[in-house]
């Protein structure tokens, strides 16, 4: 087994204390929630109805869950075997809003 570098707090096989695990889990939940807010912002800015906004948010949650499961798999050429959640990145909010205003939500 290799020695962990001095700049790492926990190695790959080490388990952090429960308090730190809970704080990191909350941080992760807040990160994923921010993605849902971004989805809502984009669909509202395009002028979608409340029902369509709810549908898009639900579909983005389902797509993120499926992508996370596929990423966590380690079978053949699918997945890395590590839990890497698929979230929505707010980098392209303005582009998404402009595309939605130009061609509708289907674009």
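Residue numbers (my numbering): 40 to 146. All C-beta atoms in this analysis are idealised placements derived from N, C-alpha and C, irrespective of residue type, glycine included. Note that the structure is predicted; figures quoted are calculated from it, not measured.
Rounded to whole angstroms, the separation of the alpha carbons of residue 61 and residue 51 is 18 Å.
Sequence-distant partners of residue 83 (beyond 5 residues in either direction) whose C-beta falls short of 8 Å from its own C-beta, in its chain, are 92. Of the candidates 56, 79, 63 and 114, the residue whose Cα lies closest to the Cα of residue 99 is 79. In the three-state reduction of the DSSP assignment, residue 117 falls in the strand class. Excluding residues up to 5 positions away in sequence, 81, 84 and 85 lie with their Cβ nearer than 7 Å to the Cβ of residue 136 in the same chain. Using a Cβ-Cβ distance cut-off of 8 Å, the segment 62–73 and the segment 124–143 are in contact, since at least three pairs of beta carbons, one from each stretch, lie closer than that value. Cα atoms of residue 88 and residue 77: separation of roughly 16 Å, rounded to the nearest angstrom. Separation of residue 55 and residue 96 (C-alpha to C-alpha, rounded to the nearest whole angstrom) is 33 Å. Within a 10 Å sphere around the beta-carbon of residue 142 sit fewer than 16 other beta-carbons, which makes this residue exposed. As summarised for the segment 60–109, there are no continuous beta strand (DSSP E) elements at least 3 residues long confined to that stretch. Per DSSP, residue 134 is one residue of the alpha helix (DSSP H) stretching across 132–142.
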